[in-house]
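Colleague:
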Amino acid sequence: MASIQSALTDADWMKLSADLSSQIGELRARAVVLDLTLMDVMDSFATRVLRTLAQTVTLRGAQTILVGIQPDVAIAMVQLGLAQRLDGILTALNLEHGLDMAEALV
Amino acid sequence: MKLDTLTISEDEVISRKDFLEFRDDDLKALVDAHEMAQTYAEPVIEDFYQYLLSFSHGRSFFQDPVVLARVKQAQKNYFLDLTRGDYGPEYVKNRLRIGAVHQRIGLPFQTYLGMYNWYLRNVANRFFEAYADNPGHALKLLLSLTKLVFFDVGLAMEVYLRTIEEQQEAIKELSTPVLQLREGLLILPIVGALNSARARQLTEQLLRAIASRRAKMVVMDVTGVPAVDSKVANHLVQTVAASRLMGATVIVTGLTPEVAQALVAIGVDLSSVKTAGDLQSGIEEAELLLGYRVVKVETAP
């Protein structure tokens, strides 16, 4: 599980991405839950990183679940056309729902 | 339309008068005509109601003789107000009030304008009669009066426009309830035409409800939406996508055969949207996905 703080720089995103994909192997993880509750802005770069991350995770044999996207962020993402890029990634309302979902996968 | 909410700031009044170029000499010309106005106020008002009552729609508004007498008195007061020279806050308030009264009895704005036009024409004749030896002055006086009348018409129009806005607000609030049917299942019945503003408000309301009610499924029923064009369909797709980002699945129900055909014909891609024929099957599917099983209780006959 990873919780993402409100302001991540582009470099932070890249590091998170690298860390996660290596840890999936070490921990033999089947699901990655990314908590985005604290994020109040979601730009195209962050969306792209999430997508690449999800694809990498899939290749490593696990599933990504995004949780805690806020209403305003969701609206903004849809209006910017970023939502389609996350097609195929699982989503859940909050951490609790996301963990339930992850348990069902494991 | 509540009267106490109906105000126009002093700055706005000044800027409107300024735009009409209503200046001190206009005011003076009107005040000078006050004496003349007093002499013909009565006959003009009488003529005015005779004219008004000669039309069937005019008659329909002033059937009651008591009302008619009161309206005539009010009209006479207004008539004299026009040349009284005091066009301050009290005057503005009165104009707004009169506008609100006309709006409330359902007088069409066209009739309102027609009445003003008749009044201007009638008074113009009287001006030129009174100043037969000096038509230049009559014209100047008429132009000053026209400025003031346009100012008044603007105030009356304000009432009509604000009423329309208020009604639109009310309709917007009324028509987007988000209802919880079961734990984790919301129903969103959409009734009435969708435009961009309403669709955006609807999306926000739904997303907030998803967060607060911890919903996993939403059944959106569009049976009550008269027409679904590409714009509206796009809004629906966006609402569905935004809900998905928050972890809720949306099932759209109630797309009538005509609407479905129209959507296919204009080439809207709804493949990313889950649909069900009617509200019932949408709810059944949602219950199934949430793990509910509805069982009929067998009661002894």
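Order-wise, the sequence lines are chains A and Y.
For the first sequence, position 86 matches number 85 in numbering that gives the first Met the number 0, and the numbering has no gaps at all.
For the second sequence, position 276 matches number 275 in numbering that gives the first Met the number 0, and the numbering has no gaps at all.
Heads up, the beta-carbon is just placed ideally off N, CA and C, and yes, glycines get one too.
Which class does P225 (chain Y) belong to by DSSP, given the choice of helix, strand or coil?
Modeller: Reduced to three states, the DSSP call for P225 (chain Y) is coil.
Colleague: Go ahead and pull the three-state DSSP assignment for M219 (chain Y).
Modeller: strand
Colleague: What in chain A is Cβ-close to G246 (chain Y), meaning under 9 Å?
Modeller: I64, L65, V66, G67, I68, L89, T90, A91, L92, N93, H96, G97, M100
Colleague: Taking L85 (chain A) as the query, report the chain Y residues whose CB atoms sit under 8 Å from its CB, ordered along the chain.
Modeller: L244
Colleague: Please tell me whether T298 (chain Y) has its Cβ less than 8 Å away from any Cβ of chain A.
Modeller: no
Colleague: Where does D34 (chain A) fall in DSSP's three states?
Modeller: strand
Colleague: Among Y:N194, Y:P134, Y:Y291, Y:A28, whose alpha-carbon lies nearest the alpha-carbon of S229 (chain Y)?
Modeller: Y:N194
Colleague: For the pair the segment 145-161 of chain Y and the segment 89-97 of chain Y, tell me if three or more CB-CB distances fall below 8 Å.
Modeller: Touching, yes, given that three or more Cβ pairs across the two stretches are closer than 8 Å.
Colleague: For L79 (chain A), name the three-state secondary structure that DSSP assigns.
Modeller: coil
Colleague: Taking C-beta pairs closer than 7 Å, name the residues in chain Y that V77 (chain A) reaches, listed in chain order.
Modeller: Q237, A240, A241
Colleague: Give me, in chain order, the residues of the same chain whose beta-carbon lies closer than 7 Å to that of T145 (chain Y); leave out the 5 immediate sequence neighbours on both sides.
Modeller: L119
Colleague: Looking at the structure shown, is G290 (chain Y) part of a helix, part of a strand, or coil, going by DSSP?
Modeller: G290 (chain Y): coil per DSSP, three-state reduction.
Colleague: Would you say E257 (chain Y) lies against chain A (beta-carbon separation less than 8 Å)?
Modeller: no
Colleague: Give, in chain order, every unbroken run of the beta strand (DSSP E) that is at least 3 residues long and sits entirely within the segment 25-70 of chain A.
Modeller: Taking 3 residues as the shortest admissible run, the segment 25-70 of chain A contains the following complete beta strand (DSSP E) segments, listed from N- to C-terminal end: 30-34, 62-66.
Colleague: Alpha carbons only, please: which of Y:H56, Y:P88, Y:A40 is nearest the one belonging to A73 (chain Y)?
Modeller: Y:A40
Colleague: Buried or exposed: where does G183 (chain Y) fall if 16 or more other Cβ atoms within 10 Å of its Cβ makes it buried?
Modeller: buried
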